[in-house]
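Q:
Residue numbers (this note's numbering): 963 to 1087.
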């Protein structure tokens, strides 16, 4: 996929087919549903003009909130998440800063609220 001028809502795995897993008590994505996806637009030969470009990269490749909002609801159904959407984060497994695909469903997952909250606070000591 990679960055596009006009994004569309991507088809997601079937409702209820993805299962959160845990590692040391932390919820993680289902690696079968969300294995990660890199952007084909980012290559070793063009990192200076893509992810390392002056002025930033990620704001220019993010899909609209309209597209991500619909994708988040569909992905939540895939993971069986029934909580408040505002409490969960629709996050990239491979960050955009590292060349992750901005809109590929394989790179996006709904993080349950406890993980999203911990991540926002930063690492604990």
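Note that beta-carbon positions come from the ideal geometry of N, C-alpha and C, so glycine has one too.
Where residue 1048 and residue 1029 are concerned, what is the direct C-alpha to C-alpha distance, given to the nearest angstrom?
A: Near 16 Å, if we compare the C-alpha coordinates of residue 1029 and residue 1048.
Q: Quick check on residue 1075: does DSSP put it in helix, strand or coil?
A: DSSP places residue 1075 within a helical segment (H, G or I) once states are collapsed to three.
Q: Between residue 1050 and residue 1015, what straight-line distance do the alpha-carbon atoms span, to the nearest angstrom?
A: 30 Å
Q: Using DSSP bridges, identify the partner residues of residue 1105.
A: The chain is shown only over 963 to 1087; residue 1105 falls outside these bounds and no answer can be derived.
Q: Alpha carbon to alpha carbon, how far is residue 1075 from residue 978?
A: 18 Å
Q: Using beta-carbon positions only, say whether residue 1055 and residue 1062 come within less than 8 Å of one another.
A: yes
Q: For residue 1049, which of helix, strand or coil comes out of DSSP?
A: helix
Q: Nearest by alpha-carbon distance to residue 1043: which of 1071, 1024, 1023 is it?
A: 1071
Q: Excluding sequence positions up to five away, which residues of its chain have a Cβ less than 7 Å from the Cβ of residue 1025?
A: 969, 1064, 1065
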